[in-house]
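Chemist: Provided herewith is a single structure, encoded as structure tokens, for subsequent inquiry.
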Amino acid sequence: MAIDPTTKKLACGLMLALTLVMAAARAAPEEGARIRLAVVGDSDSHSYHDRLRFNGEDGARGGVHHATTWQWTEALHRLRGGWIDQGEWAHHGSSGVVAQAAEWVGLPMRAPEKEDFRYNFAVSGARCESLMGGERQVPQLVRLMDEEPEAWRGGVVVIRIGVNSFGQQDSLERLAADPDDPALSAAITRCISAMREAVQHLHKNHPQTRVVLVGIFDNSNIGDSALAPRAPAALRNIATALDRYDDALRAMAVRDTRIAFFDDRAWFASLWGSRGADGRPRYRDVEIGGRLRISNTQGDAPSNAVLADGHAGSAWNALWAGALVDLIDRHFGARIPAVEQAELLALLQPGRHRDRTR
């Protein structure tokens, strides 16, 4: 059937208008309109290119691939830095001794020192007590937010912590034997209390700032632990104990629309799968853009989900950053474009694909 010139012209005009609208929707906002995002937690969020701790020659955080191995915060900056502001990358803070001395004379100072994004207070080795005590990550963050309170209206704080308190392999072995292990049950209770206190402190000072609470991951699904079959009863015991923490965080999110819960275990299972009913590994590979295959194995090569030192690899972190963007967009209406497969490939295979994120 022939299409008359007027109809054809109108259709072309509509297509052009639609294209322009879609392009405008994906365009990065003005500098001041970017969403501020802060992070508190442990090594699961401490940037890998903090040269004060990881020099690229010590075998940590990627080994020979260190230069192109990214933490999720670093991946997020490269993928959505135009929409999300994590603060400038620089040397921040002072040593604990210097900071403590400054506190004594009434000059609060950030600690510990590290090279990272300004709004990232996560530090390797931190435990749940580090949120309000120890490094006092949340009070330090709030003090920084107080300098520009209006800029944090609608901002986001990601809290991801707990693995050093009750989620390492030795703890999981004890929970596998007894999900009500007295010492670890007490640790989980303390973590829940610390999380509640941290959120209350944030919202007392900045009531319009949003919070993402990240659930605990099950480390029995990675590394050597992932290779060996486990008794179904042991797996149920671990899940029962970890659920206690996640359920408390999820309940906080249900009661308060300013809070979102990120289910870390469910996210991993949606990609790499899990074990079968018999406890044997049934993991699958993850394909990115049909060109990059990531297996649930451990090693510094980019094809491994987990690094040799036990931390998440670049692909894991890039996918995690994309899932965080989806959560912030869905729960808080942030209108940040979803991360596409081509962008992931450009980040993870910079030698093969032009990196459009810089």
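So that you can map any letter, position 127 of the sequence shown is 159 in the numbering used here, and since no number is skipped, the others follow by simple counting.
From the three backbone atoms N, C-alpha and C, an ideal C-beta is built for every residue, glycine too.
None of these values were measured; they are calculated from a predicted model.
What first and last residue would you give for the alpha helix (DSSP H) that runs through residue 124?
Modeler: Segment 121 to 124 is the beta strand (DSSP E) holding residue 124; no alpha helix (DSSP H) there.
Chemist: Considering only residues of the same chain and omitting the five flanking positions on each side of residue 370, which have a CB-CB separation below 8 angstroms?
Modeler: The answer, listed in chain order, is 354, 357, 358 and 361.
Chemist: Is residue 373 near residue 321, with beta carbons less than 9 angstroms apart?
Modeler: Taking 9 angstroms as the Cβ cut-off, residue 373 and residue 321 qualify as a contacting pair.
Chemist: Taking the beta carbon of residue 47 as the centre, do at least 16 other beta carbons fall within 10 Å, making it buried, or is it exposed?
Modeler: With a pLDDT of 39 at residue 47, under the threshold of 50, the modelled position of that residue is not reliable, and no figure is offered here.
Chemist: Using the beta-carbon count (16 or more within 10 Å), is residue 238 buried or exposed?
Modeler: Buried: at least 16 other Cβ atoms inside 10 Å.
Chemist: With burial defined as no fewer than 16 other Cβ atoms inside 10 Å of the residue's Cβ, what is the status of residue 330: buried or exposed?
Modeler: By the neighbour-count rule (16 or more Cβ atoms within 10 Å), residue 330 is buried.
Chemist: Might you give, ordered along the chain, the residues of its own chain that have their beta carbon closer than 6 angstroms to the beta carbon of residue 314, omitting 5 neighbours on each side?
Modeler: Closer than 6 angstroms at Cβ, skipping near neighbours: 305, 307 and 308.
Chemist: Starting from residue 305, trace the beta strand (DSSP E) both ways and give me its first and last residue.
Modeler: 305 to 307 is the extent of the beta strand (DSSP E) around residue 305.
Chemist: Would you identify the three-state DSSP class for residue 194, choosing helix, strand or coil?
Modeler: In this structure, residue 194 counts as coil in the three-state DSSP scheme.
Chemist: Measure the alpha-carbon distance for residue 258 versus residue 201 and round it to whole angstroms.
Modeler: One C-alpha to the other measures close to 11 angstroms.
Chemist: I want to know whether the segment 331 to 350 touches the segment 246 to 255 - three or more CB-CB distances under 8 angstroms.
Modeler: Yes: at least three Cβ pairs fall under 8 angstroms.
Chemist: For residue 230, count neighbouring C-beta atoms within 10 Å of its own C-beta (all shown protein chains included) and say buried if the count is 16 or more, exposed if not.
Modeler: It counts as buried.
Chemist: Would you identify the three-state DSSP class for residue 330, choosing helix, strand or coil?
Modeler: Of the three classes helix, strand and coil, the one that applies to residue 330 here is strand, per DSSP.
Chemist: Could you give the distance in angstroms between the alpha-carbon of residue 183 and the alpha-carbon of residue 379?
Modeler: When rounded, the distance between both Cα atoms is 29 angstroms.
Chemist: May I ask which residues mark the beginning and end of the alpha helix (DSSP H) holding residue 395?
Modeler: The structure shown does not extend to residue 395, since the chain is modelled only from 33 to 390, so the question has no answer here.
Chemist: How would you call residue 100, buried or exposed, if buried means at least 16 neighbouring beta carbons within 10 angstroms?
Modeler: That one is exposed.
Chemist: Got a sec, what are the start and stop residues for the beta strand (DSSP E) residue 148 sits in?
Modeler: Note, residue 148: beta strand (DSSP E), 146 to 149.
Chemist: Do the segment 234 to 250 and the segment 180 to 198 touch if we need at least three Cβ pairs shorter than 8 angstroms?
Modeler: Touching, yes, given that three or more Cβ pairs across the two stretches are closer than 8 angstroms.
Chemist: Determine the DSSP secondary structure at residue 371, reduced to helix, strand or coil.
Modeler: Looking at residue 371 - three-state DSSP - the assignment turns out to be coil, as it is neither helix nor strand.
Chemist: Check this for me: beta carbons of residue 338 and residue 348, under 9 angstroms apart or not?
Modeler: Against a cut-off of 9 angstroms, the Cβ pair of residue 348 and residue 338 comes out as a contact.
Chemist: Give me the residue from 186, 143 and 300 with the minimum Cα distance to residue 363.
Modeler: Ranking 186, 143 and 300 by Cα distance to residue 363 puts 186 first.
Chemist: What three-state label does DSSP hand residue 175 in the structure shown?
Modeler: Correct three-state label for residue 175: helix.
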